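These notes concern the structure reproduced below.
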Amino acid sequence: MVLFFTSTVVTPSAVVYMGRDKVENEDLIKYAWPQDVWFHVDKLSSAHVYLRMPEGMSWESIPEPLLTDCAQLVKANSIEGNKKDNITIIYTPADNLKKTGDMAVGQVSFHNDKRRENVIVNRLNKTKTEKQVDHEQERIDRIKAENAVKRAAAIAQKKADAELARAREAEKAARSYDSLFNNEEDDEEQNYAPKKSVRELEEDFM
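Per UniProt numbering, the sequence shown starts with residue 1, numbered consecutively.
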């Protein structure tokens with residue numbers, strides 16, 4: 001089972017989730033999305049907390065209040081860390097998590113120090129829900145949605161290119177028509193120019 005929380009310190013609100021036990025933690029490491037950020041208490045046992053960043057957010061620019069929410073939730077779910085005044089919270093993009101054969105279950109590393117405030121944890125706990133998650137289906141649905149966005153963008157670009165090409169052709173045709181029309185006027189002026197009489201011609205040379 002996966003526990004889900006809603007952080008309302010940012011707009012739109014952000015989803016924060018964590019595994020119930022070490023087995024679930026291993027699944028989360030395997031199936032975390034590229035836009036997820038992983039949080040853990042450094043060198044102590046704690047929950048594996050993930051932030052699913054809203055669209056347009058990067059892990060280097062996570063707002064401070066949202067970082068604090070995630071850090072406090074990690075600390076609140078560490079039996080030993082929750083008793084300490086000062087601990088270090090490590091966090092890194094989910095796709096940066098690394099495991100080797102000699103590591104304990106769920107062991108990874110990347111750190112950043114944060115402090116805990118009970119009021120934040122209490123606020124988050126009020127939003128806590130528990131869901132049964134099909135990780136594989138979530139991944140399939142995510143990939144389908146991402147591919148649909150890419151296809152729509154490609155279609156829109158193709159349409160824009162076609163419209164631009166038509167506009168250029170129309171402009172070219174208009175220039176060609178204007179040139180033809182001007183040439184016809186010149187011919188008409190020459191054909192219908194008044195002819196001088198013999199006397200007028202003789203006077204021109206006098």
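Here a beta-carbon is modelled for each residue, glycine too, at the ideal position from N, C-alpha and C.
The model shown is predicted, which means the values in this text are computed figures rather than measured ones.
For this session: Quick one: give me the first and last residue of the beta strand (DSSP E) that Ile-12 is part of.
Result: It should be noted that the sequence gives Pro, not Ile, for residue 12. From DSSP, Pro-12 is part of no beta strand (DSSP E); its letter is neither H nor E.
Problem set entry | Under the three-state DSSP convention, the category His-48 falls into | Note: His-48 maps to coil in three-state DSSP.
Exercise. When the Cα atoms are used, what is the spatial distance from Asn-96 to Glu-171?
Worked result: Approximately 52 Å between the Cα atoms of the pair.
For this session: Would you kindly report the start and end of the unbroken alpha helix (DSSP H) that includes Asp-27?
Result: Taken as a continuous stretch (DSSP letters only), the alpha helix (DSSP H) holding Asp-27 covers 22 to 31.
Problem set entry | For Ile-143 and Tyr-31, the rounded distance between their alpha carbons | Whole-angstrom Cα-Cα distance: 13 Å.
Problem set entry | Thr-129 versus Phe-4 - alpha carbon distance | Taking the straight line joining both Cα atoms gives about 5 Å.
For this session: Measure the CB-CB distance between Pro-54 and Pro-12 and report whether it falls below 8 Å.
Result: Pro-54 places its beta carbon less than 8 Å from that of Pro-12.
For this session: Determine which residues share a DSSP beta bridge with Leu-3 and list them.
Result: Paired residue(s): Met-18, Glu-130.
Exercise. Which residues mark the beginning and the end of the beta strand (DSSP E) in which Pro-63 is found?
Worked result: Pro-63 -> no beta strand (DSSP E), and no H or E assigned at all.
Problem set entry | Ala-71 versus Asn-147 - alpha carbon distance | Between Ala-71 and Asn-147, the C-alpha separation is close to 33 Å.
For this session: Output the boundary residues of the beta strand (DSSP E) element that contains Ile-90.
Result: Per DSSP, Ile-90 is one residue of the beta strand (DSSP E) stretching across 87 to 93.
For this session: Give the straight-line distance between the Cα atoms of Ile-140 and Ser-176, rounded to the nearest whole angstrom.
Result: Roughly 54 Å between the two C-alpha positions.
Problem set entry | Three-state class that DSSP yields for Asp-69 in the structure shown | Helix at Asp-69.
Exercise. Can you give the Cα-Cα distance for Val-9 and Val-15, rounded to whole angstroms?
Worked result: Their backbone Cα atoms lie some 11 Å apart in a straight line.
Exercise. Any idea which residues DSSP pairs Asp-36 with across the strands?
Worked result: In the DSSP secondary-structure assignment, Asp-36 is bridged to Arg-52.
Exercise. What's the gap between the Cα of Arg-116 and the Cα of Ala-76?
Worked result: Any reading at Arg-116 must be qualified, since the residue scores a pLDDT of 35, below 50, and its modelled position is unreliable; the value itself is stated next. Their backbone Cα atoms lie some 8 Å apart in a straight line.
Problem set entry | Residues sharing a beta bridge with Val-74, DSSP | Paired residues: none, contrary to the question.
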